[in-house]
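Residue numbers (this note's numbering): 649 to 742.
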Amino acid sequence: MVQAPGETAMKHTCTAETDLDELIGRESFHEGSLAFHYGPIARALKLDEELVLENSEVLSATMLAKIQAVVRGLFIPETEEALLPGGGFSLVLR
Numbered sequence: 649m650v651q652a653p654g655e656t657a658m659k660h661t662c663t664a665e666t667d668l669d670e671l672i673g674r675e676s677f678h679e680g681s682l683a684f685h686y687g688p689i690a691r692a693l694k695l696d697e698e699l700v701l702e703n704s705e706v707l708s709a710t711m712l713a714k715i716q717a718v719v720r721g722l723f724i725p726e727t728e729e730a731l732l733p734g735g736g737f738s739l740v741l742r
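Written out as structure tokens, the structure is:
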């Protein structure tokens, strides 16, 4: 999916506590049942969109390496989905 001129990318602001669960997603209770809530990386992969990770300079080298690994392809066991990057997906670190 290519963005139209003037359209903005998905954005997520990182903190020193940002972890993969925050970026990929996690299961949590919603209205009495357990549901998977997609994080920004999983949403961007799923929707084939650009994701800008703001304040990424606070992420550790280990966390950046983990992010690089998951953006090449991701399997979410909770939903049994394989998410692979499409032509419209990109990750920008700011």
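Heads up, the beta-carbon is just placed ideally off N, CA and C, and yes, glycines get one too. Small disclaimer: the values here were computed from a predicted structure and weren't measured.
Span separating the alpha-carbon of residue i from that of residue j
| i | j | result |
| --- | --- | --- |
| leucine 707 | serine 681 | 32 Å |
| alanine 713 | phenylalanine 677 | 30 Å |
| threonine 666 | tyrosine 686 | 15 Å |
| leucine 741 | glutamate 679 | 34 Å |
| alanine 690 | asparagine 703 | 19 Å |
| valine 719 | glutamate 670 | 14 Å |
DSSP state of residue i mapped onto helix, strand, coil
| i | result |
| --- | --- |
| leucine 699 | strand |
| arginine 691 | helix |
| glutamate 728 | coil |
| leucine 707 | coil |
| glutamate 670 | helix |
| alanine 683 | strand |
| valine 740 | strand |
| glycine 654 | Because glycine 654 sits at a pLDDT of 44, beneath the cut-off of 50, its placement in the model cannot be relied upon, and the following sentence gives the value as read from the coordinates. Coil at glycine 654, not helix or strand. |
Proximal residues to residue i (C-beta, below 6 Å), its chain only, five neighbours per side dropped
| i | result |
| --- | --- |
| leucine 739 | Leu699, Val719 |
| isoleucine 672 | Gly687, Ile689, Ala690 |
Cβ of residue i within 9 Å of any chain B Cβ
| i | result |
| --- | --- |
| methionine 711 | Any reference to chain B falls outside this structure, which holds one protein chain only. |
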